[in-house]
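Residue 1 is where the sequence shown starts when you use the numbering used here, and the numbers rise one by one after that.
For every residue, glycine included, the Cβ atom is placed at its ideal position computed from N, Cα and C.
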Amino acid sequence: MNDPLQLEQQADRNRLLLLIEKRTAVQKARDLENDASVLFKYDQQLADMNADIAKLYDAGGTLHAATVWAPLLDAHGVRDDLRLSGTVNCNREKHYVAGLLADFKKQMASRYNLFYCIVACPYQRPVSIAKRLVYELEEKKLPVARVADATRPDEVATLTLEFGFDPEHSWQLLWEALRQRLGSPEQPAADLADLAGQRADFRFIAVVCCLGAQHWNAESIEHLRYLASQFQGMDEANRKYLFLLAVEFPHIHDHNCDQYAQELAQLNKLCAEADRDGLRAACFSLLPPVAPDSIENWSSDVLQREKKPAFNKIVEQLKKQQTTPGDRFDMELVETLQEAAWAYRNRPRPDLPF
1 MNDPLQLEQQ ADRNRLLLLI EKRTAVQKAR DLENDASVLF KYDQQLADMN
51 ADIAKLYDAG GTLHAATVWA PLLDAHGVRD DLRLSGTVNC NREKHYVAGL
101 LADFKKQMAS RYNLFYCIVA CPYQRPVSIA KRLVYELEEK KLPVARVADA
151 TRPDEVATLT LEFGFDPEHS WQLLWEALRQ RLGSPEQPAA DLADLAGQRA
201 DFRFIAVVCC LGAQHWNAES IEHLRYLASQ FQGMDEANRK YLFLLAVEFP
251 HIHDHNCDQY AQELAQLNKL CAEADRDGLR AACFSLLPPV APDSIENWSS
301 DVLQREKKPA FNKIVEQLKK QQTTPGDRFD MELVETLQEA AWAYRNRPRP
351 DLPF
């Protein structure tokens, strides 16, 4: 893109997207505020952002124009009540609904800390299955403290799990991140129990982490074992932690599965051994690519009109983008559609005041 006009339009679109994301975060904070003076400041801030958004919209900025999904979304529309869980909920009927979610529901009454390991190919987005659980808890009005994305405050941030020189050092690296991102800046938490006390108004403290194959080595399982042990032995009142670890091994769902047999066995054994002393630990693995019927279910739920033709267009477009043969699609590709639908749902609307 070398055309100056195109570059300027793209910059306008980027500014527009950031403004709308910021406005959403401010509106959410306003909805939770009771102090009249603070509400007044929020209202002023929202009015200023509405004016800035309107200017960019009048200048021709559109959120979704640059994506391949723009014509489909313009033609078929998106439900106004689409929620963030709709950006990560295509597929996983077995691994999410009958696996992770089912186990979570069983454990809710136990008041245990929860340690869930999700092992999959990065192209199948194991992080998304973790985020989906957090989003659905929020949508069902369960109070959840979690790390927010710095550029998209409504979205859950994924922490990259870093290994130190030994297991204790690895835990300290993670703990420092948790203390800074979730605790009180005025009074740094001493430990997990102290942090839970600072978040007493929340039922859950959700942490989503990711560990890639490039960071895996022979000592990794010992570091993870020590990490899991930090959530054991806590008083029931402080058991608020929902720790979701996505472990990514390339193509583990298909021809490389045997290559990672040892790692899979280690992770399953780790969770089996850690499942005690006030901690529920479980491992869910080998997320498959997305089947067309999952995409059809998603499109019939999210799109507004002519849903069957829309589904046919989606599959046609995904086939153009998919680099491997077969009638299933990488979740990474499918999520470009889901993210485009979310941006479309949050686009500037001429019939609304922003």
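Would you mind working out which of the options sits nearest residue i, comparing C-alpha positions?
i	options	result
Lys105	Lys140, Cys271, Asp191, Asp254	Lys140
Ala98	Ser85, Asp35, Ile129	Ile129
Cys90	Arg328, Arg347, Arg345	Arg328
Pro288	Ile252, Leu159, Leu270	Ile252
Thr87	Ala281, Tyr135, Tyr260	Tyr135
Gln180	Glu168, Arg305, His76, Gln198	Gln198
Asn113	Ala120, Asp103, Val119, Cys121	Asp103
Arg92	Pro71, Lys131, Asp201, Ala75	Lys131
Ala120	Gly164, Gln44, Leu73, Ser285	Ser285
Ile118	Gln338, Gly326, Cys271	Cys271
Glu333	Asn346, Pro143, Leu318	With the sequence shown as reference, residue 333 is identified as Leu, and Glu is not the correct amino acid for it. Comparing Cα-Cα distances from Leu333 to each of Asn346, Pro143, Leu318, the minimum goes to Leu318.
Asn268	Phe115, Asp154, Ala109	Phe115
Can you tell me where the beta strand (DSSP E) with residue i in it begins and where it stops?
i	result
Tyr96	Element bounds for Tyr96: n/a, residue is neither H nor E.
Tyr116	113 to 120
Val208	204 to 212
Cys283	279 to 285
Ala145	144 to 146
Look up residue i in the DSSP assignment and say whether it is helix, strand or coil.
i	result
Ala193	helix
Thr336	helix
Glu248	strand
Val26	helix
Thr323	coil
Phe243	strand
Arg83	coil
Gly61	Because Gly61 carries a pLDDT of 42, less than 50, the predicted location of this residue cannot be relied on, and no value is offered for it.
Ser184	coil
Phe40	helix
Gln230	coil
Asp258	helix
His253	coil
Phe165	coil
Asp201	coil
Pro348	coil
Quick check on the DSSP output: the alpha helix (DSSP H) that includes residue i runs from which residue to which?
i	result
Val127	126 to 139
Ala265	261 to 274
Ala150	Here Ala150 belongs to no alpha helix (DSSP H), and DSSP marks it neither H nor E.
I'd like to confirm the pairing. Which residues does DSSP put opposite residue i in its beta bridges?
i	result
Leu159	Cys209
Leu303	Val78
Phe329	Val290
Check your understanding: Quick one: any contact between the region 270 to 282 and the region 226 to 234, if contact means 3 or more CB pairs under 8 Å?
Key -> Contact between the region 270 to 282 and the region 226 to 234 is present, because at least three Cβ pairs lie under 8 Å.
Point to revise | Three-pair Cβ contact test at 8 Å for the region 288 to 299 versus the region 256 to 271 | key: The answer is no - the region 256 to 271 does not touch the region 288 to 299, with fewer than three Cβ pairs under 8 Å.
Review point. Three or more C-beta pairs closer than 8 Å, one from the region 211 to 227 and one from the region 79 to 94: is that the case here?
Key: In short, these stretches do not touch, since the Cβ pair count stays below three.
**Study point:** Inter-stretch contact at 8 Å, needing at least 3 Cβ pairs: the region 237 to 248 / the region 120 to 134
**Key:** As far as the Cβ criterion goes, the region 237 to 248 touches the region 120 to 134, which means the pair count is three or higher.
Exercise for review: Report yes or no: do three or more beta-carbon pairs, one from the region 156 to 166 and one from the region 199 to 210, lie closer than 8 Å?
Suggested key: In short, these stretches touch, since the Cβ pair count reaches three.
Check your understanding: Does the pairing of the region 313 to 333 with the region 36 to 52 give three or more beta-carbon distances under 8 Å?
Key -> Cβ pair count under 8 Å is below three, so no.
Check your understanding: Using 8 Å as the Cβ pair cut-off and three pairs as the minimum, do the region 301 to 310 and the region 69 to 77 touch?
Key -> Result yes; three or more Cβ-Cβ pairs closer than 8 Å.
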